Structures are given as structure tokens and as C-alpha cells.
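Protein chains: 2
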Amino acid sequence: MRRADELRDAVEAYLGSLVFAPELGRLEKTLRYALDSGGKRVRPVLCLAVAEASGAELEAALPAAAAIELVHTFSLVHDDLPALDDDDERRGRPSAHVAHGEGVALLAGDALLVEAFRLALAYEDPRVARELADATLGMIGGQHRDITGDDGELAEVERLKTGRLFVAAVGLGLLAAGVPDREHGGWRAFGEELGLLFQVVDDILDGDGFAERLGEEGARELADGAAKGARAVLGGLAADTSVLEELVEGLAVRTS
Amino acid sequence: MRRADELRDAVEAYLGSLVFAPELGRLEKTLRYALDSGGKRVRPVLCLAVAEASGAELEAALPAAAAIELVHTFSLVHDDLPALDDDDERRGRPSAHVAHGEGVALLAGDALLVEAFRLALAYEDPRVARELADATLGMIGGQHRDITGDDGELAEVERLKTGRLFVAAVGLGLLAAGVPDREHGGWRAFGEELGLLFQVVDDILDGDGFAERLGEEGARELADGAAKGARAVLGGLAADTSVLEELVEGLAVRTS
Numbered sequence: 015m016r017r018a019d020e021l022r023d024a025v026e027a028y029l030g031s032l033v034f035a036p037e038l039g040r041l042e043k044t045l046r047y048a049l050d051s052g053g054k055r056v057r058p059v060l061c062l063a064v065a066e067a068s069g070a071e072l073e074a075a076l077p078a079a080a081a082i083e084l085v086h087t088f089s090l091v092h093d094d095l096p097a098l099d100d101d102d103e104r105r106g107r108p109s110a111h112v113a114h115g116e117g118v119a120l121l122a123g124d125a126l127l128v129e130a131f132r133l134a135l136a137y138e139d140p141r142v143a144r145e146l147a148d149a150t151l152g153m154i155g156g157q158h159r160d161i162t163g164d165d166g167e168l169a170e171v172e173r174l175k176t177g178r179l180f181v182a183a184v185g186l187g188l189l190a191a192g193v194p195d196r197e198h199g200g201w202r203a204f205g206e207e208l209g210l211l212f213q214v215v216d217d218i219l220d221g222d223g224f225a226e227r228l229g230e231e232g233a234r235e236l237a238d239g240a241a242k243g244a245r246a247v248l249g250g251l252a253a254d255t256s257v258l259e260e261l262v263e264g265l266a267v268r269t270s
Numbered sequence: 015m016r017r018a019d020e021l022r023d024a025v026e027a028y029l030g031s032l033v034f035a036p037e038l039g040r041l042e043k044t045l046r047y048a049l050d051s052g053g054k055r056v057r058p059v060l061c062l063a064v065a066e067a068s069g070a071e072l073e074a075a076l077p078a079a080a081a082i083e084l085v086h087t088f089s090l091v092h093d094d095l096p097a098l099d100d101d102d103e104r105r106g107r108p109s110a111h112v113a114h115g116e117g118v119a120l121l122a123g124d125a126l127l128v129e130a131f132r133l134a135l136a137y138e139d140p141r142v143a144r145e146l147a148d149a150t151l152g153m154i155g156g157q158h159r160d161i162t163g164d165d166g167e168l169a170e171v172e173r174l175k176t177g178r179l180f181v182a183a184v185g186l187g188l189l190a191a192g193v194p195d196r197e198h199g200g201w202r203a204f205g206e207e208l209g210l211l212f213q214v215v216d217d218i219l220d221g222d223g224f225a226e227r228l229g230e231e232g233a234r235e236l237a238d239g240a241a242k243g244a245r246a247v248l249g250g251l252a253a254d255t256s257v258l259e260e261l262v263e264g265l266a267v268r269t270s
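Written out as C-alpha cells, the structure reads:
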């Protein structure tokens with residue numbers, strides 16, 4: 015069983031070795047720029063940790079893990095565009111559209127999304143790509159509620175925007191490991207709690223979202239509740255979940 | 015065997031009955047706005063005609079045909095954005111971003127692309143969605159060459175931007191009909207010729223692209239050659255290709 019930082023190294027190595035469609039030509043540079051962002055790789059690490067805890071070989075889950083990260087990266091590239099959040103910086107570097115131009119960034123986001131499906135379609139089981147599609151549509155729906163202010167319930171927006179991809183990271187790990195559907199429930203509940211934990215801590219660090227709505231103390235309570243819920247679900251799973259507990263701990267106390 | 019206009023009616027009815035992911039919420043309105051555009055539905059009709067000529071039931075090919083049209087529609091919504099072609103009108107109506115806002119149109123394009131994959135993933139055979147992914151990446155690569163002027167050879171750009179989706183329309187029709195790979199060659203060559211014919215006539219009508227590069231007469235010769243090539247390939251196929259011949263004729267003489 016690999017530790018979380020070893021899984022992250024495996025993700026980095028795999029992402030770095032991805033072969034994109036040759037027809038993308040020089041657009042590939044923008045895909046790589048967006049992917050080489052120094053992100054935390056939380057979602058793919060989660061996917062790999064679930065797969066390993068479920069008895070899969072790391073290699074069997076790497077395409078699925080990378081697919082999740084590519085969907086996440088596509089969403090960042092498009093979110094940063096002037097038409098949406100208009101963010102000039104991403105993790106201390108110029109956003110993709112600032113570095114390479116708006117039109118190119120738009121196309122690079124599109125291409126990342128399709129490359130994610132190409133990875134998910136490396137599996138003969140179509141459920142892998144189906145789960146990715148469903149989660150991505152949920153994420154897009156959450157983003158739409160967010161920008162139109164059609165967000166009656168912040169928790170619901172965040173469940174879509176962030177939670178769906180976390181649950182899919184878990185789901186793809188289970189599918190890569192061949193875990194039968196009837197055993198997915200607890201695992202997916204864990205993904206849901208972890209997604210909430212991640213988002214609330216994010217908002218505390220940024221001073222927006224849940225932190226703005228509930229105050230820092232209220233948000234901290236919500237985060238603690240999600241961490242507790244995540245640990246409780248893990249405790250009920252018949253698997254060595256030590257790496258997943260490490261992930262919960264890491265997300266609960268992170269400062270960046 | 016249905017005529018081309020009957021196939022088009024079937025496409026319209028199927029597109030109108032599509033059920034999108036409920037999480038898209040009100041974003042669905044923009045997807046439908048973009049889809050209800052009065053387009054010619056050339057690609058999905060081609061897909062259905064190939065499937066029927068290959069012995070498939072219409073119903074078996076409709077999801078694949080719709081998937082192709084959704085990818086095409088996604089590309090139009092994104093192409094029209096200010097970051098790319100900045101077109102305010104599309105077929106006599108305001109473009110999606112003019113009607114519903116830039117951010118919403120961007121997300122609607124993303125959602126159309128993912129819904130296309132959801133349709134392709136209705137098939138147990140993962141090759142349907144794989145072919146869609148490969149063609150879409152080719153199309154995006156062509157679009158990138160187009161906007162960056164990295165288009166040494168116009169024919170190559172158009173082969174990617176238009177041709178790839180035409181060939182995929184043929185390919186998905188073959189896959190939906192269960193035609194063995196070894197028999198795909200001629201059919202796909204037909205898709206390639208038809209895509210070229212479509213694009214050259216488009217350029218003649220718009221006075222750009224091939225018409226600008228070769229002059230109207232030169233472009234007309236190229237279109238005639240493509241139509242001739244398409245008919246020649248059809249003649250060599252062991253199938254009733256009368257509807258496909260009707261398609262060639264319709265594309266060769268179209269005036270809008």
C-alpha cells in the first residue's frame with residue numbers, strides 16, 4: 015500500500031507521460047501548461063487510494079485517475095476565462111488564457127475534456143466513461159447555478175461543483191478495482207464527505223463561499239463534521255483505509 | 015429504406031426528445047436553443063443513411079447520429095464566442111452567447127460535448143465513444159491551426175475541421191450496424207470525399223476558404239472532383255446506396 019505522497023508522485027509521472035492526440039499539434043503545449051500547474055492532485059490521489067484499498071494494481075487505476083484530473087483541469091481553464099471568473103492567475107502563474115490567448119485556452123479546455131474521455135475509454139467497461147460524463151455534467155450544472163446566482167442552497171451548488179468529481183474519483187477507483195456495485199454505497203458516501211471537507215476548507219482559506227455564509231467558526235464546524243463523517247464511513251468499510259484516513263487528515267489541516 | 019428528408023425528420027424528432035442530465039438545471043435552455051437552430055443535420059443524416067444501408071434499424075443508430083450532431087453544435091457554440099470567431103449571428107438568429115450570455119454559452123458548449131459522449135456511451139461497444147473522441151480531437155486540432163494561422167495546407171485544416179466529423183458520422187453508422195472493421199475502408203473514404211464536398215461548397219457560398227484560395231472556378235472543380243470521388247466509392251460498395259447518392263447530389267447543388 016503506497017502512501018499519499020507516493021500516489022501523488024505516481025500521478026505526476028503518469029500525467030507527464032500522457033500521449034495526446036497528434037492532431038492537436040501545437041495546442042498540446044497549452045494542455046501541458048494547464049496540467050503542469052503544481053496542483054495538489056487530490057482527486058486522482060483519492061481515485062488511486064480507493065483502487066488500491068479495494069485491491070487493484072496501481073497501473074489499472076492510473077488512466078481513470080488521470081481522466082478525473084483532466085476534467086478538473088479543463089474546468090479550471092474554462093473557469094478562468096474572462097467569460098466566467100476572469101482570473102489572470104492560477105497557482106501563482108498566468109492563467110492559460112493569459113499565457114496563450116483566450117481562443118487557444120478555450121480550445122485547450124475542450125481538448126482536455128475530450129482527452130479525459132479518451133482515458134476513461136481505455137477501459138472496456140463503459141461505466142467508467144459514463145460515470146465521468148455524469149459527474150462532469152453535474153459539475154457544469156453547479157457552475158451554471160453559481161454564475162447565474164440560481165443557487166438557493168450553497169450546499170447544493172458545492173455538492174455539484176466539487177462533490178460530484180470527488181464522488182466520481184471514488185467511483186472510478188472502485189470500477190478500476192472491479193468492486194461490485196452493491197458495495198459502492200459506503201465508499202461513495204466517503205467521497206461525498208471528503209468533497210465537502212475539501213470545499214469548506216478551501217472557502218475558509220479564501221474567505222468566501224461557506225466561510226462567508228457561515229462565518230469562519232461555522233465553516234470550521236462544518237469542516238470538522240465532514241471530516242468526522244468521512245472517518246466514520248471509513249471505519250465501516252472492510253478494507254485497509256489507512257491511506258484514505260491520511261487524506262482526510264491532510265485535507266482537514268491544510269493551509270494552502 | 016428511408017429517403018434523406020425522412021431521415022432528417024427522424025433526427026429532428028430524436029433531438030427534440032433528448033433528455034439531458036437533470037443537474038444542468040436551467041442551463042438546459044441554452045443547450046436546446048443551440049440545438050434548435052434549423053441546421054441541415056447533414057452529419058446525423060449521413061450517419062443514419064450509412065447505418066440503414068448497412069442493414070441497421072434506424073433506432074439503433076439514432077443515439078450515435080445525435081451524438082455527432084451534439085459535437086457539431088458544441089463546436090458552433092464555442093466557435094461563435096468572442097474569443098474565437100466572434101459571430102453574433104448563427105443561421106439568422108442571435109448566437110447562443112448573444113442570446114444567453116458568454117459564460118452561459120461557454121458552459122452550454124461544454125455540456126453539449128459531454129452529452130454527446132453520454133449518447134455515444136449508450137452503446138456497450140466502447141469503440142463508438144472512442145471514435146467520437148478521436149474525431150472531436152481532430153476537429154479541435156483543425157480549429158487551432160485555423161486560428162493560429164498554423165495552416166500550411168488549407169486542405170489539411172479542412173480535413174481536420176470538417177472531414178473528421180464526416181468520417182466519424184460514417185464510422186458511427188457502421189459501428190451501430192455492426193459492420194466488421196475490415197469492411198470500413200470504402201465507407202470511410204466516402205465520408206472523406208463527402209466532407210470535402212461539403213466544405214468546398216460551403217466556401218463557394220461564403221466566398222472564403224477554398225474559394226478564396228483557388229478562385230470560384232477552381233473551387234467548383236475541386237467540389238466536382240469530390241462529388242465524383244464520392245459517387246465512385248459508393249459504386250464499389252456492396253449495398254443499396256441510393257440515399258447516400260441522394261446526399262451527394264444534395265450537397266453538390268446546394269445554394270444555402
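Chains as they are written, first to last, in the numbering used here: chain L, 15 to 270; chain G, 15 to 270.
All residues carry an ideal CB built from backbone N, CA and C; glycine is no exception.
A quick note: this is a predicted structure, and the numbers were derived from the prediction, not measured.
What's the gap between the Cα of G:L179 and the Cα of L:A225?
46 Å
Mind checking which residues open and close the alpha helix (DSSP H) that includes G:F34?
No alpha helix (DSSP H) holds G:F34; DSSP gives it neither H nor E.
Environment of L:D217 [buried if 16+ CB atoms lie within 10 Å]:
buried
Expressed to the nearest angstrom, what Euclidean distance is found between the alpha-carbon atoms of L:D19 and G:S68?
53 Å
From what residue to what residue does the alpha helix (DSSP H) around G:T44 run?
42-49
Taking C-alpha atoms, which residue in G:V59, G:F88, G:E145, G:D139 lies nearest to G:L121?
G:F88
What runs of the beta strand (DSSP E), each 3 residues or longer, lie entirely inside the segment 195-267 of chain G?
none
Using the C-alpha atoms, what's the distance from L:L146 back to L:E170?
19 Å
Less than 8 Å between the CB atoms is what I'm expecting for L:L127 and G:L127, so what's the real figure, rounded?
6 Å
Within the same chain, show all residues whose beta-carbon is closer than 6 Å to that of L:A190, passing over the 5 residues directly before and after it, in chain order.
A65, A70, A74, A75, A78
Is the segment 237-245 of chain G touching the segment 248-266 of chain L in the sense that three or more CB pairs, one from each, lie closer than 8 Å?
no
In angstroms, rounded to a whole number, what distance separates the CA positions of L:L135 and G:G152?
17 Å
How is G:E172 classed by DSSP in three states: helix, strand or coil?
helix
Would you please verify whether the beta carbon of G:A182 is less than 8 Å from any beta carbon of chain L?
no
Rank L:T269, L:E26, L:V247 by C-alpha distance to the C-alpha of L:V59 and give the top, closest one.
L:E26
Counted within 10 angstroms of its Cβ, other Cβ atoms place G:S109 as buried (16 or more) or exposed:
buried
Would you report the Cα separation of G:A24 and G:E37, rounded to the nearest angstrom?
27 Å
Segment contact flag, the segment 95-112 of chain G with the segment 45-58 of chain G, C-beta cutoff 8 Å, min 3 pairs:
yes
For G:R9, which residues does DSSP report across the bridge?
The shown model of chain G, from 15 to 270, leaves out residue 9 of chain G, and the question about it has no answer.
C-alpha distance - G:A63 paired with L:D100, whole-angstrom precision
44 Å
When the cut-off is 8 Å and only beta carbons count, does L:I82 lie next to chain G?
no
Which class does L:P96 belong to by DSSP, given the choice of helix, strand or coil?
coil
Have a look at G:D160 and L:A113 and give me their C-alpha separation to the nearest angstrom.
19 Å
So with Cβ pairs under 8 Å, would you call L:V118 a contact of chain G?
yes
Can you tell me whether L:M15 is helix, strand or coil according to DSSP?
coil
Since G:A244 and G:L211 should fall inside the 8 Å C-beta cutoff, what is the C-beta to C-beta distance between them, to a whole number of angstroms?
6 Å
Element boundaries [alpha helix (DSSP H), containing G:E145]:
141-162
Helix, strand or coil at G:Y137 [DSSP, three-state]:
coil
G:G185: first and last residue of the uninterrupted alpha helix (DSSP H) it sits in
178-191
Measure the beta-carbon distance from L:G117 to G:L98 and round it to whole angstroms, keeping in mind my assumption that it falls under 8 Å.
5 Å
Might you give, ordered along the chain, the residues of its own chain that have their beta carbon closer than 7 Å to the beta carbon of L:G177, omitting 5 neighbours on each side?
E206, G209, L210
Below 8 Å between beta carbons: does that hold for G:V56 and G:T150?
no
If you compare alpha carbons, which of G:A80, G:R196, G:F204, G:E42 is closest to G:R22?
G:A80
Specify the secondary structure class of L:G69 as computed by DSSP and reduced to three states.
coil
Is any beta-carbon of chain L found at less than 8 Å from that of G:T150?
yes
Neighbouring residues, chain G, relative to L:H92 (Cβ below 7 Å)
L120, D124
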